[in-house]
Amino acid sequence: MDFEHLPHPAPVPGETRAQAIADPGFGTVFTDHMVTVDYTAGEGWHSARIGPREPLSIDPACAVLHYAQEIFEGLKAYRHPDGSFALFRPEENAARMNRSADRLAMPHMPEELFVAACRELVLKDADWFPTVDGGSLYLRPFMFASEAFLGVRPARQYKFLVIASPAGNYFKSGVPAVSIWVSRDYVRAAPGGTGAAKTGGNYAASLVPQAEAIEKGHDQVVFLDAVERKWIEELGGMNLFFVFDDGSVVTPPLGGTILPGITRDSLIRLLRDEGLTIREERYSIDQWRADAQSGKLIETMACGTAAVVTPVGRVEGPEGEFTIGSGGPGQLTGKLRERLVAIQRGQAPDPHGWVMKL
Ligand SMILES: *Cc1c(COP(=O)(O)O)cnc(C)c1O
94 MDFEHLPHPA PVPGETRAQA IADPGFGTVF TDHMVTVDYT AGEGWHSARI
144 GPREPLSIDP ACAVLHYAQE IFEGLKAYRH PDGSFALFRP EENAARMNRS
194 ADRLAMPHMP EELFVAACRE LVLKDADWFP TVDGGSLYLR PFMFASEAFL
244 GVRPARQYKF LVIASPAGNY FKSGVPAVSI WVSRDYVRAA PGGTGAAKTG
294 GNYAASLVPQ AEAIEKGHDQ VVFLDAVERK WIEELGGMNL FFVFDDGSVV
344 TPPLGGTILP GITRDSLIRL LRDEGLTIRE ERYSIDQWRA DAQSGKLIET
394 MACGTAAVVT PVGRVEGPEG EFTIGSGGPG QLTGKLRERL VAIQRGQAPD
444 PHGWVMKL
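At position 31 of the sequence shown the residue is numbered 124 (this note's numbering), and the sequence of numbers has no breaks.
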């Protein structure tokens, strides 16, 4: 499918843009353009275009506003030392969006179309790459039900868009360890629910427990399983890894209630490359505390596209607070982070073929 290029009447002036990308932070600065592709039942995907980023005009009865039929993805484009642009495992994002689509009764999008949309936008807005060290262009592909109707059934019209946001180095001076609150009253996902789908509703449901974590003096909330309220699942938007003193690593198994992170999958491979034992198995909150206190557990890391790999330093659970290792960034956490970032940025060989040059 070819993308129609719509002219931009008034792109942001160079000087304003230079200021915006010098220190963009995360998620507040946006580029000039966006990609849009429409879907109509019977016709499929059509009218692929790239044009000015502008407000959408939607009917007040638009299905997404009422029943939340919406899914999204998140990936970064990187500038390599030779000046070229690259995406990290974008076909994985495309495949995951289609799995999310299955759960939300939405149409599949061909993987090539998803990747082509990301490519078009990165090349069009290449001037928006942040100038700060460690910067990247964060891409947010998303799809929503755009049909105007109030009956409850899967919509017959959808829109797929990609917008881009220059992102600074998530952590400016080193990687601080985060402190975590174990939610007692709320769960993120239940068996049979939408926990494995990247859909806005999961995030909406996480806002109250996240606010509770902040109120209690922590950075993030960790969710336990909905059935026994015992097994550690993940943070609101990051997967977890536990590192033991014998060199082995555990991460909670996928199984419908955990979002299958692409960073999670990449770290599992990098750990295997290191010759370490990585087990995908359930790990309980009580065991976590006991192992941290006995010294058997030496590191815990959280991972996701936005912040890559982040150490967890302190935890407040139902039985009180405990510290992980020294409370600061652990050794393996730092090493994995460096290895992954170097591959993404084209500063190290890419043995698994993860990097797609644009
Ligand atoms: C997106 C997301 C992650 C991380 O996935 P990555 O592909 O590594 O960015 C983890 N948990 C949740 C709930 C998410 O939405």
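Don't be surprised by glycine CBs; every beta carbon is placed ideally from N, CA and C.
Residue i and residue j look like a contact to me (Cβ under 8 angstroms); what is the Cβ gap, rounded to whole Å?
i, j, result
"residue 230", "residue 208", "So it is not a contact: roughly 15 angstroms between Cβ atoms."
"residue 336", "residue 423", "7 angstroms"
"residue 371", "residue 325", "About 16 angstroms; that fails the 8 angstroms criterion."
"residue 374", "residue 343", "6 angstroms"
"residue 178", "residue 219", "7 angstroms"
"residue 420", "residue 270", "6 angstroms"
Residue i and residue j: beta carbons closer than 8 angstroms?
i, j, result
"residue 223", "residue 440", "no"
"residue 194", "residue 151", "no"
"residue 180", "residue 170", "yes"
"residue 221", "residue 124", "yes"
"residue 156", "residue 306", "no"
"residue 255", "residue 206", "no"
"residue 116", "residue 268", "no"
"residue 350", "residue 290", "no"
"residue 453", "residue 451", "Only positions 94 to 451 of the chain appear in the structure, and residue 453 is not among them; the question remains open."
"residue 309", "residue 409", "yes"
"residue 128", "residue 260", "no"
"residue 292", "residue 369", "no"
"residue 236", "residue 334", "no"
"residue 347", "residue 396", "no"
"residue 228", "residue 262", "yes"
Please classify residue i as buried or exposed, where buried requires at least 16 other C-beta atoms within 10 Å of its C-beta.
i, result
"residue 338", "exposed"
"residue 98", "exposed"
"residue 109", "exposed"
"residue 311", "buried"
"residue 217", "buried"
"residue 149", "exposed"
"residue 357", "buried"
"residue 418", "buried"
"residue 246", "exposed"
"residue 386", "exposed"
"residue 94", "exposed"
"residue 366", "exposed"
"residue 200", "buried"
"residue 435", "exposed"
"residue 147", "exposed"
Starting from residue i, trace the beta strand (DSSP E) in both directions and tell me its first and last residue.
i, result
"residue 389", "Unbroken run through residue 389: none, as it is neither H nor E."
"residue 144", "137-145"
"residue 295", "Not the beta strand (DSSP E): residue 295 falls in the alpha helix (DSSP H), residues 293-308."
"residue 366", "Premise fails: residue 366 lies in the alpha helix (DSSP H), 355-366, not in any beta strand (DSSP E)."
"residue 373", "371-373"
"residue 251", "250-260"
"residue 233", "229-238"
"residue 159", "Taken as a continuous stretch (DSSP letters only), residue 159 belongs to no beta strand (DSSP E), being part of the alpha helix (DSSP H) at 156-160."
"residue 323", "Neither: residue 323 is in no beta strand (DSSP E) and is coded neither H nor E."
"residue 128", "126-133"
"residue 172", "168-172"
"residue 123", "Element bounds for residue 123: n/a, residue is neither H nor E."
May I ask which residues mark the beginning and end of the alpha helix (DSSP H) holding residue i?
i, result
"residue 114", "107-115"
"residue 195", "183-196"
"residue 434", "424-437"
"residue 414", "Per DSSP, residue 414 belongs to no alpha helix (DSSP H); it is in the beta strand (DSSP E), 413-416."
How many angstroms separate the CA atom of residue i from the CA atom of residue j?
i, j, result
"residue 316", "residue 414", "16 angstroms"
"residue 398", "residue 329", "13 angstroms"
"residue 355", "residue 416", "28 angstroms"
"residue 113", "residue 258", "11 angstroms"
"residue 313", "residue 100", "42 angstroms"
"residue 444", "residue 353", "22 angstroms"
"residue 382", "residue 364", "24 angstroms"
"residue 133", "residue 145", "23 angstroms"
"residue 276", "residue 345", "17 angstroms"
"residue 250", "residue 244", "14 angstroms"
"residue 402", "residue 332", "10 angstroms"
"residue 430", "residue 296", "25 angstroms"
"residue 202", "residue 160", "21 angstroms"
"residue 204", "residue 166", "13 angstroms"
"residue 153", "residue 252", "16 angstroms"
"residue 162", "residue 103", "33 angstroms"
"residue 448", "residue 412", "44 angstroms"
"residue 319", "residue 284", "8 angstroms"
"residue 426", "residue 322", "27 angstroms"
"residue 279", "residue 272", "18 angstroms"
"residue 300", "residue 294", "10 angstroms"
"residue 380", "residue 341", "15 angstroms"
"residue 390", "residue 138", "49 angstroms"
"residue 119", "residue 189", "23 angstroms"
"residue 105", "residue 111", "10 angstroms"
"residue 446", "residue 172", "17 angstroms"
"residue 192", "residue 442", "30 angstroms"
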